[in-house]
Structures are given as structure tokens and as C-alpha cells.
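First residue of the sequence shown? That's 2 in my numbering, and the numbers climb one at a time after it. Below is one structure; the comments refer to it alone.
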Amino acid sequence: MKHRSEAQNMLTNDPATRIREEAAALEPRLIELRRDIHSHPELAFEEVRTAGIVAAELTRMGIQHRTGVGRTGVVGVIEGARPGPTLALRADMDALPIHEETGQPFASKFDGKMHACGHDIHTVTLLGAAEILNGLRENLAGRVVLIFQPAEEVLEGAPAMIADGAAEGIDMAIGFHNHPDKPVGTFGFVRGPSLAASDRFDIILRGKSGHAAHPYAAVDPIVGAAHLITQLQTVVAREQKPLHPCVVTVGMFQAGTTYNIIPERVHLKGTVRTLHAEARDVAENAIRRLVEHTAAAMRMEATITYRRMVASLVNDDRVLEPAIASVRAHFGEVVHEGTPSMGAEDFAAFAERAPAFHLGVGAGAPGRDDKLHNANYQPDERCIALGVQALSRIAVDMLS
2 MKHRSEAQNM LTNDPATRIR EEAAALEPRL IELRRDIHSH PELAFEEVRT AGIVAAELTR
62 MGIQHRTGVG RTGVVGVIEG ARPGPTLALR ADMDALPIHE ETGQPFASKF DGKMHACGHD
122 IHTVTLLGAA EILNGLRENL AGRVVLIFQP AEEVLEGAPA MIADGAAEGI DMAIGFHNHP
182 DKPVGTFGFV RGPSLAASDR FDIILRGKSG HAAHPYAAVD PIVGAAHLIT QLQTVVAREQ
242 KPLHPCVVTV GMFQAGTTYN IIPERVHLKG TVRTLHAEAR DVAENAIRRL VEHTAAAMRM
302 EATITYRRMV ASLVNDDRVL EPAIASVRAH FGEVVHEGTP SMGAEDFAAF AERAPAFHLG
362 VGAGAPGRDD KLHNANYQPD ERCIALGVQA LSRIAVDMLS
């Protein structure tokens with residue numbers, strides 16, 4: 002990446018102007034880095050090469066950092082010139098088990114692996130912000146902690162990094178995500194609960210196997226599972242408050258081997274999404290009850306493993322308001338309020354430990370209708386430099 006001379010920096014002392022100029026100068030290199038990371042995607046807790054690139058870039062910038070945090074995460078620290086609070090900026094690094102079909106010259110080199118959620122975009126965006134903020138240390142009162150996180154897609158990377166101390170001493174945190182449903186050059190936010198808590202369940206229903214022609218001599222767990230699946234939808238329709246969103250989805254139904262055998266067991270896997278803590282408790286209690294009593298009514302035995310993954314991501318106004326004010330001051334009226342999503346994000350684990358805000362960065366390319374987690378996902382790369390400016394301006398303003 003290009004470096005400004007001391008003389009150039011003295012001529013441009015206004016931080017906002019410097020942020021714009023530095024981001025423009027860094028953009029070609031950041032796009033180059035993004036395409037390199039994109040062509041070498043790594044799944045959850047496999048981000049060894051990506052973390053190596055991050056560490057090498059931080060070393061080149063002279064930013065103190067440590068590796069192996071939460072297995073494959075990297076944490077850097079920029080010390081401001083004056084005392085003040087600690088602001089964490091977080092980016093995720095992992096890819097998805099999707100076979101890429103974009104046909105791009107920098108497409109994934111590995112079958113069945115792709116950066117289909119834009120975490121390659123996030124990684125280089127935070128690297129660009131790190132470079133700019135490192136050059137603006139004299140303007141900062143406090144410190145910036147740079148968190149490059151693994152394994153967001155499996156909702157385990159943030160807890161792993163926190164267990165290794167990544168959240169210690171943090172007073173506030175900013176996360177961000179590219180949004181292909183929003184035009185590049187725009188930004189978004191949601192007040193309060195913005196992304197859902199995500200929980201998982203495994204249900205095993207055991208019946209009695211037998212010949213399909215003689216069902217009375219067997220106990221059919223497939224019929225029992227079918228009844229249970231329909232009952233699980235009443236958790237949403239009849240047990241939750243109407244203003245408390247909830248999703249219960251069975252994503253896997255595994256049973257049987259052939260046409261004429263009633264199997265011994267059925268295995269169901271599913272997810273539960275909620276925005277409110279009360280709704281989360283209601284859902285778990287109801288699912289456990291329905292599994293137990295539906296199994297008993299259908300002469301089956303049942304076991305359930307219910308795992309709480311991450312809580313709802315709640316944006317705190319103490320961070321949201323100044324962050325949005327900074328983005329508006331820098332870009333103008335291109336920041337829009339949105340609505341919550343039932344998707345999940347393990348940045349919520351950081352938000353449980355310090356006031357936090359998750360910024361949406363428009364990444365929709367003109368003429369395209371891209372979706373996240375899609376084999377043909379192609380975000381507009383201009384969102385990188387725009388994200389760099391947004392993060393840098395937020396950090397400078399919040400630590401001034």
C-alpha cells in the first residue's frame with residue numbers, strides 16, 4: 002500500500018479529508034488483496050492463510066498484534082496519542098462451503114469453497130481502516146482494537162476469541178456487513194434488536210422397525226416425526242406474543258433405507274430464531290415439551306439436544322447514534338434506517354460485553370440482484386473503500 006509523506010500529511014491536516022484521500026490511494030491495493038483472499042477461501046477455523054495475510058499487513062504497518070486468538074483469529078492494537086476509551090472494530094474472515102459459479106478470473110481455486118458472504122470484503126476493509134487510523138494516531142484519544150475473527154458462519158468464532166481475551170478492556174464495539182440488497186454508496190442501520198438469536202436442535206425419535214405391509218406390528222417414527230414437525234409450527238403461531246418474531250425451521254429429516262421397511266429411528270435437525278430473550282425461552286421450553294409429549298402420544302422414545310448458539314444482536318444507541326452521525330457527516334444523507342432480520346451474527350457475543358453497533362454497507366452492483374450465500378454472489382468492490390472511510394471516520398470522531 003502507498004504511504005503519504007510527512008509533508009503531504011502536514012498539508013492535509015483535516016482528518017475527514019485525509020480519510021478520503023488515503024482511502025482512494027489504498028483502494029487498488031485493497032481490491033488486489035480482496036481478490037487474492039477470494040480466490041483462496043478458507044472455512045471456519047481453517048483461516049490460516051487469510052490470518053497470515055492479515056498479520057503480514059499489520060506487521061508492515063507497524064501495528065502491534067497477536068495471532069492464534071480463538072484458534073485462527075488476529076487482534077491488533079492502535080494506541081492513540083492521548084488517554085481515552087477503547088473502541089473495537091471487528092471483521093470476519095471465513096468462507097462458506099459453496100461451489101463458486103461467478104466465472105470471475107479471481108474465482109475460488111477450491112471446489113466447494115467460496116466467499117459467498119463477502120467476508121473477504123470485510124477483511125480488507127478493516128485492513129484499510131487500520132492503515133488510515135494508524136496514520137491518524139495523533140488525532141486519537143484512546144485505542145482501537147482490530148479484531149479479525151474466524152468462524153462467523155458457524156457462530157463459534159466470536160465466543161472462541163472472547164475466551165482468549167479478545168473482548169477484555171473494550172468499552173464499545175463496531176461491526177459491519179456488506180449488503181447486496183442496498184446500492185453501493187449507501188449505509189444502513191437498525192435500532193435495538195437487529196439480528197436474531199440463533200439456536201439449534203437435534204431430535205432423535207425411536208420407534209420399532211418392521212415391514213411396511215404390517216405397520217400395526219411396528220412403531221413408525223416417520224409418522225411420529227411428521228406429526229411433530231407440524232406441532233413445532235404452533236410454537237410460533239400459538240405460543241409467542243404476536244410482536245415477538247420467532248422462526249422454527251426443521252432443516253433436516255433423515256430416516257429409512259428403502260421402500261418397504263419402517264425404520265427404527267428418525268433424526269431431525271433444526272434452527273430457532275428469536276429477537277427477544279423472552280421469546281427465546283418460550284421457544285425452547287415449548288419445543289422440549291412438544292418433543293416429549295408427541296413422542297409419548299405416538300409410542301416413541303425421544304431425545305433432544307438443544308444448543309443455544311448466539312443471542313440477538315442488539316444495537317446500543319450510545320454507539321449507534323454517534324456512529325451514524327459520523328457516517329452522515331462524512332457522506333451526506335445516504336444512511337437509511339432498516340428493519341430487523343432473522344439472520345444471526347456472532348458479533349452479538351461482543352455486543353453482550355460492551356455497547357455495540359453493527360453497520361450495514363451497501364454493496365449492490367448496478368444492474369444486479371445479488372444475494373448473500375449464493376454461488377453467483379458478486380458485490381460491488383467500491384464498497385471496500387467506502388467501508389474503509391466509514392470505519393475510519395467513526396473511530397476518529399468517537400475517539401476525538
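Yeah, the Cβ is synthetic: ideal placement off N, Cα and C, and Gly gets one too.
From residue i to residue j, what distance separates their C-alpha atoms?
i	j	result
alanine 117	leucine 127	18 Å
alanine 355	methionine 399	15 Å
threonine 122	alanine 108	The sequence given here has isoleucine at residue 122, not threonine. If I take the Cα positions, the gap works out to 14 Å.
arginine 36	threonine 51	12 Å
threonine 306	glutamine 65	42 Å
leucine 206	glycine 225	8 Å
arginine 19	phenylalanine 177	22 Å
serine 1	methionine 310	A query on residue 1 cannot be resolved here, the shown segment of the chain reaching from 2 to 401 and no further.
alanine 164	alanine 352	15 Å
alanine 256	glutamate 154	27 Å
phenylalanine 46	serine 40	17 Å
asparagine 261	alanine 296	23 Å
glycine 104	valine 236	43 Å
arginine 67	alanine 287	44 Å
proline 86	histidine 359	19 Å
valine 320	phenylalanine 111	39 Å
leucine 44	alanine 92	15 Å
lysine 402	alanine 197	There is simply no residue 402 to check, as the chain begins at 2 and stops at 401 in what is shown.
aspartate 347	glycine 119	16 Å
valine 248	glutamate 382	33 Å
lysine 242	valine 315	19 Å
aspartate 318	proline 106	42 Å
Can the beta-carbon of residue i be found less than 7 Å from the beta-carbon of residue j?
i	j	result
leucine 276	proline 323	no
arginine 289	proline 222	no
valine 328	alanine 376	no
isoleucine 38	leucine 90	no
valine 76	isoleucine 133	no
glycine 143	glycine 81	yes
leucine 31	valine 125	yes
isoleucine 263	alanine 213	yes
phenylalanine 254	leucine 244	no
arginine 201	threonine 272	yes
valine 292	isoleucine 204	yes
proline 151	methionine 62	no
asparagine 135	isoleucine 79	yes
valine 185	alanine 364	yes
histidine 337	arginine 394	no
methionine 343	arginine 239	no
leucine 88	alanine 396	yes
threonine 73	glutamate 102	no
valine 220	arginine 308	no
valine 335	threonine 187	yes
proline 216	lysine 114	no
valine 362	glycine 388	yes
leucine 137	proline 246	no
Over what stretch of residues does the beta strand (DSSP E) that includes residue i continue unbroken?
i	result
histidine 120	Note, histidine 120: premise wrong, no beta strand (DSSP E); alpha helix (DSSP H) at 120-136.
glutamate 302	302-311
leucine 206	198-207
asparagine 179	173-184
threonine 250	247-256
alanine 364	357-365
phenylalanine 190	188-190
valine 145	142-150
alanine 89	83-93
At what residues does the alpha helix (DSSP H) containing residue i begin and finish?
i	result
histidine 228	222-233
isoleucine 163	158-164
alanine 45	Unbroken run through alanine 45: none, as it is neither H nor E.
leucine 387	383-399
phenylalanine 351	349-352
The ligand ATP and residue i: does the residue's C-beta get closer than 6 Å to at least one heavy atom of that ligand?
i	result
glycine 211	Among the components modelled here there is no ligand, and therefore nothing to report on the ligand ATP.
Within the chosen definition, does the segment 146-160 reach the segment 188-197 through at least 3 CB pairs nearer than 8 Å? Taking a cut-off of 8 Å on C-beta distances, the segment 146-160 does not touch the segment 188-197, as fewer than three cross pairs fall below it.
Under 8 Å, with one C-beta from each stretch per pair, do the segment 367-382 and the segment 177-191 reach the 3-pair mark? yes
Okay, do the segment 160-174 and the segment 276-286 touch, 3+ Cβ pairs below 8 Å being the bar? no
Determine contact between the segment 91-102 and the segment 21-28, defined as no fewer than three beta-carbon pairs at a distance below 8 Å. no
Secondary structure, beta strand (DSSP E): runs of 3+ residues fully inside the segment 272-342: 302-311, 314-316, 336-338
Inside the segment 47-76 only - alpha helix (DSSP H) runs reaching at least 4 residues: Runs of the alpha helix (DSSP H) inside the segment 47-76: 49-62.
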